[in-house]
Amino acid sequence: MRAVGLIAEFNPLHFGHVYALEQARQRTGADVVVVVMSGNFVQRGEPAILDKWHRAKLALAHGADLVVELPVTDAVQAADEFAQGAFAHLEALGVDQLVFGTENPTLDYMALAQAIDTQAPQTDLFRDFTQTYASQVNRYFQTITDHDLTASNTILGLTYARANARLRQPLTLIPIARQGVAHDAEYSVDGYMSASAIRQAVWNGDEAVGVPTDTALALKQRNQMQWNRLYPLLKYRLQTSRIEELQAIYTMSEGLEYRLTQQVASAFGFEDFLTAVKSKRYTFARLRRLALYTLLNLTTTEVKWAQTHRFLHVLGFTSTGREYLHQVKKSISLPLVTRVSQAMVAPTRRLALVHRSDQILALSGPQNFGHPPIMIESNRKED
38 MRAVGLIAEF
48 NPLHFGHVYA
58 LEQARQRTGA
68 DVVVVVMSGN
78 FVQRGEPAIL
88 DKWHRAKLAL
98 AHGADLVVEL
108 PVTDAVQAAD
118 EFAQGAFAHL
128 EALGVDQLVF
138 GTENPTLDYM
148 ALAQAIDTQA
158 PQTDLFRDFT
168 QTYASQVNRY
178 FQTITDHDLT
188 ASNTILGLTY
198 ARANARLRQP
208 LTLIPIARQG
218 VAHDAEYSVD
228 GYMSASAIRQ
238 AVWNGDEAVG
248 VPTDTALALK
258 QRNQMQWNRL
268 YPLLKYRLQT
278 SRIEELQAIY
288 TMSEGLEYRL
298 TQQVASAFGF
308 EDFLTAVKSK
318 RYTFARLRRL
328 ALYTLLNLTT
338 TEVKWAQTHR
348 FLHVLGFTST
358 GREYLHQVKK
368 SISLPLVTRV
378 SQAMVAPTRR
388 LALVHRSDQI
398 LALSGPQNFG
408 HPPIMIESNR
418 KED
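If you want the numbering used here, it's the 1-based position in the sequence shown plus 37.
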(Lines of atoms letter the chains of each structure in order from A and count residues from 1; the text may use other names and numbers.)
(Lines give C-alpha, C1' and ligand atoms only; values in the text may rest on other atoms or scores of the structure.)
Protein backbone atom coordinates (compact mmCIF):
# COMPACT_ATOMS: atom_id res chain seq x y z
CA MET A 1 0.00 0.00 0.00
CA ARG A 2 1.29 3.44 -0.92
CA ALA A 3 0.50 6.46 1.23
CA VAL A 4 0.15 10.17 0.52
CA GLY A 5 0.45 12.67 3.34
CA LEU A 6 -1.15 15.95 4.28
CA ILE A 7 -0.24 18.34 7.08
CA ALA A 8 -3.27 20.06 8.54
CA GLU A 9 -4.98 21.78 11.44
CA PHE A 10 -8.61 21.51 10.27
CA ASN A 11 -9.50 24.43 12.51
CA PRO A 12 -12.25 23.72 11.62
CA LEU A 13 -12.54 21.39 8.64
CA HIS A 14 -14.12 23.26 5.69
CA PHE A 15 -14.79 22.64 2.00
CA GLY A 16 -11.27 23.71 1.03
CA HIS A 17 -9.91 20.93 3.23
CA VAL A 18 -12.36 18.42 1.76
CA TYR A 19 -11.10 19.36 -1.71
CA ALA A 20 -7.47 18.85 -0.63
CA LEU A 21 -8.26 15.41 0.79
CA GLU A 22 -10.01 14.40 -2.42
CA GLN A 23 -7.18 15.71 -4.58
CA ALA A 24 -4.55 13.92 -2.51
CA ARG A 25 -6.05 10.58 -3.45
CA GLN A 26 -6.96 11.47 -7.04
CA ARG A 27 -3.67 13.14 -8.00
CA THR A 28 -1.45 10.42 -6.60
CA GLY A 29 -3.50 7.25 -6.87
CA ALA A 30 -2.42 6.48 -3.30
CA ASP A 31 -4.10 3.70 -1.38
CA VAL A 32 -3.97 5.56 1.93
CA VAL A 33 -4.35 9.24 2.89
CA VAL A 34 -2.33 10.00 6.02
CA VAL A 35 -2.93 13.26 7.88
CA VAL A 36 -0.58 14.71 10.47
CA MET A 37 -2.91 17.06 12.34
CA SER A 38 -2.21 19.54 15.11
CA GLY A 39 -3.63 18.41 18.43
CA ASN A 40 -5.62 20.65 20.75
CA PHE A 41 -3.41 23.68 20.13
CA VAL A 42 -2.50 25.19 16.77
CA GLN A 43 0.45 26.90 15.15
CA ARG A 44 -0.70 30.47 15.71
CA GLY A 45 -0.64 29.92 19.48
CA GLU A 46 -4.25 29.28 20.44
CA PRO A 47 -6.57 26.37 21.25
CA ALA A 48 -8.26 24.72 18.30
CA ILE A 49 -11.95 25.59 18.05
CA LEU A 50 -12.84 21.88 18.38
CA ASP A 51 -10.81 19.29 20.24
CA LYS A 52 -8.51 16.93 18.37
CA TRP A 53 -10.88 13.96 18.54
CA HIS A 54 -13.80 15.75 16.90
CA ARG A 55 -11.52 17.21 14.23
CA ALA A 56 -10.00 13.77 13.57
CA LYS A 57 -13.48 12.26 13.22
CA LEU A 58 -14.42 14.93 10.66
CA ALA A 59 -11.19 14.31 8.74
CA LEU A 60 -11.89 10.57 8.58
CA ALA A 61 -15.42 11.21 7.38
CA HIS A 62 -14.15 13.35 4.51
CA GLY A 63 -11.26 11.37 3.04
CA ALA A 64 -8.48 10.75 5.55
CA ASP A 65 -7.57 7.13 6.30
CA LEU A 66 -5.18 7.72 9.17
CA VAL A 67 -4.94 10.75 11.46
CA VAL A 68 -1.89 11.16 13.68
CA GLU A 69 -1.47 13.94 16.22
CA LEU A 70 1.17 16.64 15.83
CA PRO A 71 1.84 17.28 19.53
CA VAL A 72 1.78 20.71 21.12
CA THR A 73 5.58 20.86 21.25
CA ASP A 74 5.73 20.62 17.44
CA ALA A 75 2.40 22.21 16.53
CA VAL A 76 2.78 25.50 18.42
CA GLN A 77 5.96 26.65 16.74
CA ALA A 78 7.29 29.11 14.23
CA ALA A 79 6.95 27.88 10.65
CA ASP A 80 10.31 26.09 10.32
CA GLU A 81 9.95 24.09 13.54
CA PHE A 82 6.30 23.30 12.76
CA ALA A 83 7.28 21.86 9.38
CA GLN A 84 10.22 19.88 10.78
CA GLY A 85 7.98 18.24 13.37
CA ALA A 86 5.30 17.37 10.82
CA PHE A 87 7.79 15.89 8.35
CA ALA A 88 9.39 13.82 11.12
CA HIS A 89 5.98 12.20 11.68
CA LEU A 90 5.37 11.58 7.97
CA GLU A 91 8.84 10.11 7.49
CA ALA A 92 8.38 7.78 10.46
CA LEU A 93 5.11 6.50 8.98
CA GLY A 94 6.72 5.60 5.65
CA VAL A 95 4.89 8.29 3.68
CA ASP A 96 6.83 9.18 0.51
CA GLN A 97 4.70 11.96 -1.01
CA LEU A 98 2.99 15.08 0.29
CA VAL A 99 0.12 17.05 -1.20
CA PHE A 100 -0.36 20.65 -0.11
CA GLY A 101 -2.52 23.51 -1.28
CA THR A 102 -0.90 26.69 -2.53
CA GLU A 103 -1.72 29.84 -4.42
CA ASN A 104 1.25 29.12 -6.74
CA PRO A 105 1.19 25.40 -7.66
CA THR A 106 3.59 25.78 -10.61
CA LEU A 107 6.57 26.88 -8.51
CA ASP A 108 9.48 24.49 -8.07
CA TYR A 109 9.43 24.53 -4.29
CA MET A 110 12.40 22.24 -3.78
CA ALA A 111 14.60 24.35 -6.07
CA LEU A 112 13.59 27.53 -4.24
CA ALA A 113 14.23 25.87 -0.90
CA GLN A 114 17.70 24.85 -2.06
CA ALA A 115 18.42 28.43 -3.15
CA ILE A 116 17.26 29.77 0.21
CA ASP A 117 19.26 27.26 2.24
CA THR A 118 22.37 27.92 0.17
CA GLN A 119 22.13 31.61 0.96
CA ALA A 120 20.82 31.50 4.54
CA PRO A 121 24.01 30.33 6.33
CA GLN A 122 25.94 33.23 4.78
CA THR A 123 23.47 35.93 5.89
CA ASP A 124 21.08 36.88 8.68
CA LEU A 125 18.22 35.49 6.62
CA PHE A 126 15.18 34.63 8.77
CA ARG A 127 16.87 35.83 11.98
CA ASP A 128 15.05 39.14 12.27
CA PHE A 129 12.55 38.46 15.04
CA THR A 130 10.94 41.89 14.60
CA GLN A 131 9.43 40.73 11.29
CA THR A 132 7.13 37.84 10.56
CA TYR A 133 8.62 34.78 8.92
CA ALA A 134 6.40 35.48 5.90
CA SER A 135 7.84 38.98 5.49
CA GLN A 136 11.40 37.70 5.61
CA VAL A 137 10.72 34.92 3.10
CA ASN A 138 9.03 37.38 0.75
CA ARG A 139 11.94 39.81 0.98
CA TYR A 140 14.41 37.10 0.00
CA PHE A 141 12.11 35.71 -2.69
CA GLN A 142 12.02 39.15 -4.31
CA THR A 143 15.82 39.24 -4.48
CA ILE A 144 16.05 35.99 -6.45
CA THR A 145 12.91 36.14 -8.63
CA ASP A 146 11.83 39.81 -8.82
CA HIS A 147 8.34 38.69 -7.73
CA ASP A 148 6.37 39.15 -4.54
CA LEU A 149 5.60 36.11 -2.44
CA THR A 150 2.88 37.23 -0.07
CA ALA A 151 0.40 34.34 -0.20
CA SER A 152 0.50 32.44 3.08
CA ASN A 153 0.15 28.94 1.65
CA THR A 154 2.92 29.56 -0.87
CA ILE A 155 5.22 30.56 1.98
CA LEU A 156 4.12 27.45 3.86
CA GLY A 157 4.98 25.37 0.80
CA LEU A 158 8.51 26.77 0.82
CA THR A 159 8.77 25.98 4.50
CA TYR A 160 7.68 22.41 3.80
CA ALA A 161 10.27 22.13 1.04
CA ARG A 162 13.05 23.30 3.36
CA ALA A 163 12.06 20.75 6.00
CA ASN A 164 11.72 18.05 3.35
CA ALA A 165 15.21 18.71 2.00
CA ARG A 166 16.67 17.84 5.41
CA LEU A 167 15.26 14.32 5.40
CA ARG A 168 17.46 11.36 4.51
CA GLN A 169 14.91 10.40 1.86
CA PRO A 170 12.91 13.50 0.91
CA LEU A 171 9.26 13.09 0.02
CA THR A 172 7.85 13.93 -3.40
CA LEU A 173 6.06 17.26 -3.04
CA ILE A 174 2.83 17.68 -5.01
CA PRO A 175 1.46 21.24 -4.87
CA ILE A 176 -2.18 21.72 -5.84
CA ALA A 177 -4.08 24.92 -6.50
CA ARG A 178 -5.68 26.09 -3.28
CA GLN A 179 -9.45 26.37 -3.48
CA GLY A 180 -11.49 29.08 -1.82
CA VAL A 181 -10.60 32.46 -0.36
CA ALA A 182 -7.37 33.90 1.00
CA HIS A 183 -6.04 32.43 4.25
CA ASP A 184 -7.42 35.14 6.58
CA ALA A 185 -10.14 36.55 4.32
CA GLU A 186 -13.26 37.78 6.10
CA TYR A 187 -15.61 37.06 3.19
CA SER A 188 -16.97 34.00 1.38
CA VAL A 189 -16.64 33.15 -2.31
CA ASP A 190 -18.56 30.40 -4.13
CA GLY A 191 -19.37 28.63 -0.88
CA TYR A 192 -15.80 28.84 0.46
CA MET A 193 -14.84 30.70 3.63
CA SER A 194 -11.48 30.95 5.39
CA ALA A 195 -10.98 29.04 8.63
CA SER A 196 -10.37 32.27 10.54
CA ALA A 197 -13.61 33.79 9.22
CA ILE A 198 -15.50 30.62 10.12
CA ARG A 199 -14.15 30.75 13.67
CA GLN A 200 -15.07 34.40 14.02
CA ALA A 201 -18.58 33.75 12.73
CA VAL A 202 -19.06 30.95 15.26
CA TRP A 203 -17.77 33.10 18.12
CA ASN A 204 -20.18 35.84 17.04
CA GLY A 205 -23.07 33.41 17.16
CA ASP A 206 -23.52 33.35 13.38
CA GLU A 207 -23.90 30.40 11.03
CA ALA A 208 -20.68 28.86 9.75
CA VAL A 209 -20.49 29.16 5.95
CA GLY A 210 -18.39 26.90 3.75
CA VAL A 211 -18.30 23.85 6.01
CA PRO A 212 -19.79 20.36 5.64
CA THR A 213 -22.97 19.62 7.57
CA ASP A 214 -21.17 17.51 10.18
CA THR A 215 -18.65 20.30 10.86
CA ALA A 216 -21.48 22.79 11.30
CA LEU A 217 -23.24 20.42 13.69
CA ALA A 218 -20.09 19.87 15.75
CA LEU A 219 -19.55 23.62 16.02
CA LYS A 220 -23.09 24.01 17.36
CA GLN A 221 -22.96 21.12 19.81
CA ARG A 222 -19.46 21.42 21.24
CA ASN A 223 -17.86 24.02 23.47
CA GLN A 224 -15.74 26.18 21.18
CA MET A 225 -12.40 27.08 22.69
CA GLN A 226 -10.84 30.51 22.31
CA TRP A 227 -8.26 32.60 24.12
CA ASN A 228 -10.72 34.84 25.95
CA ARG A 229 -11.98 31.81 27.86
CA LEU A 230 -8.44 30.89 28.86
CA TYR A 231 -7.17 34.40 29.58
CA PRO A 232 -8.19 34.40 33.30
CA LEU A 233 -6.03 31.29 33.76
CA LEU A 234 -3.08 32.98 32.02
CA LYS A 235 -3.58 36.06 34.18
CA TYR A 236 -3.54 33.94 37.34
CA ARG A 237 -0.42 32.14 36.18
CA LEU A 238 1.46 35.37 35.47
CA GLN A 239 0.41 36.95 38.75
CA THR A 240 1.30 33.98 40.96
CA SER A 241 4.48 32.59 39.35
CA ARG A 242 7.96 33.50 40.48
CA ILE A 243 10.08 35.36 37.93
CA GLU A 244 12.51 32.43 37.83
CA GLU A 245 9.66 30.11 36.86
CA LEU A 246 8.61 32.41 34.03
CA GLN A 247 12.20 32.75 32.82
CA ALA A 248 12.28 28.97 32.31
CA ILE A 249 9.32 29.07 29.89
CA TYR A 250 10.10 28.13 26.28
CA THR A 251 11.10 31.18 24.13
CA MET A 252 10.93 33.55 27.13
CA SER A 253 13.86 35.93 26.64
CA GLU A 254 15.10 39.50 26.82
CA GLY A 255 13.11 40.32 29.93
CA LEU A 256 9.73 39.49 28.40
CA GLU A 257 8.67 37.93 31.69
CA TYR A 258 8.70 41.40 33.27
CA ARG A 259 6.75 42.92 30.39
CA LEU A 260 4.12 40.19 30.59
CA THR A 261 3.61 40.52 34.34
CA GLN A 262 3.47 44.32 34.15
CA GLN A 263 0.83 44.47 31.42
CA VAL A 264 -1.46 41.65 32.53
CA ALA A 265 -2.84 43.52 35.55
CA SER A 266 -4.56 46.26 33.54
CA ALA A 267 -5.54 44.39 30.36
CA PHE A 268 -9.28 43.79 29.85
CA GLY A 269 -8.91 40.66 27.74
CA PHE A 270 -6.42 38.60 25.79
CA GLU A 271 -6.24 40.77 22.67
CA ASP A 272 -5.94 43.89 24.83
CA PHE A 273 -3.12 42.17 26.71
CA LEU A 274 -1.27 41.23 23.50
CA THR A 275 -1.57 44.78 22.18
CA ALA A 276 -0.17 46.17 25.43
CA VAL A 277 2.80 43.78 25.32
CA LYS A 278 3.44 44.25 21.58
CA SER A 279 6.44 46.25 20.42
CA LYS A 280 8.38 46.54 17.17
CA ARG A 281 10.71 43.86 18.47
CA TYR A 282 8.09 41.12 18.76
CA THR A 283 5.44 39.90 16.34
CA PHE A 284 1.93 39.06 17.52
CA ALA A 285 2.50 35.46 16.45
CA ARG A 286 5.52 35.07 18.71
CA LEU A 287 3.74 36.69 21.66
CA ARG A 288 0.64 34.55 21.21
CA ARG A 289 2.73 31.38 21.23
CA LEU A 290 4.68 32.59 24.25
CA ALA A 291 1.43 33.26 26.10
CA LEU A 292 0.32 29.70 25.38
CA TYR A 293 3.64 28.21 26.52
CA THR A 294 3.25 30.23 29.72
CA LEU A 295 -0.33 29.10 30.29
CA LEU A 296 0.64 25.47 29.74
CA ASN A 297 3.88 25.84 31.75
CA LEU A 298 6.04 24.44 28.94
CA THR A 299 9.68 25.02 29.77
CA THR A 300 12.61 25.22 27.37
CA THR A 301 14.10 22.04 28.82
CA GLU A 302 10.85 20.11 28.39
CA VAL A 303 10.15 21.25 24.83
CA LYS A 304 13.70 20.51 23.67
CA TRP A 305 13.47 17.04 25.24
CA ALA A 306 10.13 16.37 23.56
CA GLN A 307 11.52 17.32 20.15
CA THR A 308 14.12 14.57 20.47
CA HIS A 309 11.66 12.02 21.90
CA ARG A 310 8.81 12.12 19.42
CA PHE A 311 6.03 9.52 19.17
CA LEU A 312 3.11 8.72 16.87
CA HIS A 313 -0.23 9.14 18.63
CA VAL A 314 -2.98 7.72 16.43
CA LEU A 315 -6.22 9.68 16.75
CA GLY A 316 -8.20 7.62 14.29
CA PHE A 317 -8.27 5.43 11.19
CA THR A 318 -10.48 3.78 8.63
CA SER A 319 -10.20 0.07 7.93
CA THR A 320 -7.75 1.03 5.17
CA GLY A 321 -5.70 3.12 7.58
CA ARG A 322 -5.63 0.28 10.10
CA GLU A 323 -4.41 -2.10 7.39
CA TYR A 324 -1.66 0.38 6.46
CA LEU A 325 -0.55 0.65 10.09
CA HIS A 326 -0.35 -3.13 10.28
CA GLN A 327 1.76 -3.15 7.10
CA VAL A 328 4.32 -0.57 8.25
CA LYS A 329 4.28 -1.30 11.99
CA LYS A 330 7.62 -3.11 12.02
CA SER A 331 9.40 -0.38 10.05
CA ILE A 332 7.98 2.65 11.87
CA SER A 333 10.88 4.61 13.32
CA LEU A 334 9.03 6.26 16.24
CA PRO A 335 7.06 4.71 19.10
CA LEU A 336 3.48 4.04 17.99
CA VAL A 337 0.66 4.81 20.44
CA THR A 338 -2.86 3.66 19.64
CA ARG A 339 -4.27 3.53 23.16
CA VAL A 340 -2.91 5.69 25.96
CA SER A 341 -2.36 3.99 29.30
CA GLN A 342 -1.92 5.67 32.67
CA ALA A 343 1.78 4.80 32.61
CA MET A 344 2.28 6.57 29.26
CA VAL A 345 1.29 9.95 30.70
CA ALA A 346 3.57 9.74 33.73
CA PRO A 347 5.80 12.84 34.13
CA THR A 348 8.89 11.19 32.65
CA ARG A 349 7.19 9.60 29.63
CA ARG A 350 6.85 10.87 26.05
CA LEU A 351 3.15 11.71 26.27
CA ALA A 352 3.51 13.68 29.50
CA LEU A 353 3.59 17.18 28.01
CA VAL A 354 0.70 16.53 25.64
CA HIS A 355 -1.38 15.07 28.45
CA ARG A 356 -0.53 17.89 30.83
CA SER A 357 -1.36 20.53 28.24
CA ASP A 358 -4.64 18.85 27.32
CA GLN A 359 -5.83 18.87 30.93
CA ILE A 360 -6.99 22.44 30.42
CA LEU A 361 -9.60 21.04 28.02
CA ALA A 362 -10.42 17.87 29.93
CA LEU A 363 -13.75 19.20 31.21
CA SER A 364 -15.11 18.78 27.67
CA GLY A 365 -14.20 15.09 27.68
CA PRO A 366 -11.20 12.76 28.07
CA GLN A 367 -8.33 13.79 25.83
CA ASN A 368 -5.73 11.04 26.10
CA PHE A 369 -5.96 8.44 28.85
CA GLY A 370 -9.09 6.39 28.31
CA HIS A 371 -9.74 7.60 24.77
CA PRO A 372 -9.25 4.93 22.06
CA PRO A 373 -8.65 5.84 18.40
CA ILE A 374 -11.71 6.72 16.35
CA MET A 375 -12.54 3.95 13.90
CA ILE A 376 -14.76 4.11 10.83
CA GLU A 377 -15.02 1.36 8.23
CA SER A 378 -14.84 3.44 5.06
CA ASN A 379 -15.05 6.98 3.75
CA ARG A 380 -14.98 6.10 0.05
CA LYS A 381 -17.88 7.60 -1.89
CA GLU A 382 -18.06 4.59 -4.16
CA ASP A 383 -18.63 2.38 -1.12
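Here a beta-carbon is modelled for each residue, glycine too, at the ideal position from N, C-alpha and C.
Measuring straight from C-alpha to C-alpha, what distance separates residue i and residue j?
i    : j    : result
A245 : F137 : 24 Å
T320 : Q364 : 44 Å
I422 : Y330 : Past the edges of the chain, shown from 38 to 420, lies residue 422, and the structure says nothing about it.
V132 : A343 : 22 Å
N458 : V374 : Residue 458 is absent from the structure shown; the chain starts at 38 and stops at 420.
P108 : T312 : 28 Å
H408 : L349 : 15 Å
T355 : A101 : 8 Å
G66  : L254 : 31 Å
R81  : A112 : 9 Å
V69  : Q63  : 11 Å
T252 : L95  : 7 Å
W264 : E308 : 9 Å
T139 : Q276 : 43 Å
R39  : A383 : 35 Å
I213 : Q60  : 8 Å
H54  : L297 : 36 Å
G353 : G247 : 24 Å
Following the continuous beta strand (DSSP E) through residue i, name the residue where it begins and the one where it ends.
i    : result
P212 : 209 to 214
I44  : 40 to 45
So, is residue i buried or exposed, given that buried needs 16 or more other C-beta atoms within 10 angstroms?
i    : result
R323 : buried
A29  : Outside the modelled stretch of the chain, which goes from 38 to 420, sits residue 29, for which no answer is possible.
S415 : exposed
N77  : buried
R266 : exposed
G292 : exposed
T209 : exposed
T385 : exposed
T250 : exposed
At what residues does the alpha helix (DSSP H) containing residue i begin and finish?
i    : result
V239 : 232 to 240
Q63  : 52 to 65
A299 : Per the sequence shown, the amino acid found at residue 299 is Gln instead of Ala. Its alpha helix (DSSP H) spans residues 293 to 301.
I280 : 280 to 284
F119 : 116 to 129
G194 : 189 to 202
T110 : 109 to 112
T385 : Unbroken run through T385: none, as it is neither H nor E.
N265 : 264 to 277
Give the single residue among the options whose Cα lies nearest to the Cα of residue i.
i    : options                : result
R347 : T355, L390, S290       : L390
L135 : V73, T345, R259, R326  : V73
V105 : A123, Q63, E118        : A123
I235 : L50, R39, L210         : L50
N334 : Q284, R176, S370, S316 : Q284
A14  : T209, P212, L256       : With the chain represented from 38 up to 420, any question about residue 14 goes unanswered, as that position is not in the structure.
G358 : T196, L210, L97, Y273  : L97
A115 : Q396, L362, I192       : I192
Per DSSP, which one or two residues make a beta bridge with residue i?
i    : result
L103 : V71, F354
M412 : F354
F137 : P212
S378 : In DSSP, S378 forms no bridge with anything.
E83  : V79
Y319 : S316
L349 : L373
T28  : No answer is possible for residue 28: it lies beyond the span of the chain, which begins at 38 and ends at 420.
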